[in-house]
Amino acid sequence: MSETVLTTAIITIACVICAGMLLSAIYPAVQRATSSAVKSSAKLGDRIETSVDIIAVANDTSQQVYIWVKNTGASEIPQIEQSDIFFGKINEFQRIPYNASLSAPAPCWRYAIENDDGDTKWDIGETLNITINTSTSVTSGDYYVKIVLYNGISDEEKFSL
């Protein structure tokens, strides 16, 4: 009888130790998977809430083009300077680097929030006026412009001048 109790006790202790070892081996993997899922969900949520539309394009000089882009999403858009702008004649466009300086060498782009509510953030419904300084004259023809935000959301437009 005492042998049965002793055997049962040893088997119970061994099972508890094995369960603890299994838990300590699996828990970090579950934690990493949960963390990855949370990060992916946050990034996906950011992309779902972000949307922009190019609403107008114009030029008034031979080397400047103005693009108006509206935030049509459900959240403020941060990191405007991290956006990529592509501009040029169709099949001849190039990436235009950001530079806020008025005396920056072309090609470059800068922006101003036209209907800003005073917080200097690109909020829902506000319009961004992008000024592109080109390195070549903007002549009549068919052009292409694309804006790609920091999170990959983009809009593009083909137009004629």
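Per my numbering, the very first residue in the sequence shown carries number 3; after that it's consecutive.
Every residue, glycine too, gets a C-beta built ideally from N, C-alpha and C.
Source: prediction; values computed, not measured.
Apart from the five residues just before and just after residue i, which ones in its own chain have a Cβ nearer than 6 Å to its Cβ?
i, result
"Gln84", "Tyr152"
"Ser77", "Glu51"
In chain order, what residues of the same chain have a beta carbon less than 7 Å from the beta carbon of residue i, not counting five sequence neighbours either side?
i, result
"Asn101", "Cys110, Arg112"
"Gln65", "Ala108, Asn135, Thr136, Ser139, Val140"
"Glu128", "Asn73, Ile115, Asn117, Asp118"
Mapping DSSP to helix, strand and coil, what is residue i?
i, result
"Ala108", "coil"
"Val140", "coil"
"Leu130", "strand"
"Ile98", "strand"
"Ile92", "coil"
"Lys123", "coil"
"Glu5", "helix"
"Ala114", "strand"
"Ala27", "helix"
"Ser156", "strand"
Does the beta-carbon distance from residue i to residue j come in below 8 Å?
i, j, result
"Asn135", "Trp70", "no"
"Ile155", "Thr52", "yes"
"Tyr29", "Lys91", "no"
"Ile87", "Ile79", "no"
Assign residue i to one of two classes, buried (16 or more other C-beta atoms within 10 Å of its C-beta) or exposed (fewer than that).
i, result
"Val32", "exposed"
"Ile147", "For the sequence presented, residue 147 should be read as Val rather than Ile. That one is buried."
"Ile12", "exposed"
"Lys41", "exposed"
"Gly120", "exposed"
"Tyr160", "Note that residue 160 is Lys in the sequence shown here, rather than Tyr. Exposed, because fewer than 16 other Cβ atoms sit within 10 Å of the Cβ of Lys160."
Residue i lies in the beta strand (DSSP E); which residues open and close that run?
i, result
"Thr52", "Note, Thr52: premise wrong, no beta strand (DSSP E); not H, not E."
"Tyr68", "66-73"
Whose C-beta lies closer than 8 Å to the C-beta of residue i among residues of the same chain, with five residues either side of it excluded?
i, result
"Ser162", "Ser142, Gly143, Asp144, Tyr145"
"Thr10", "none"
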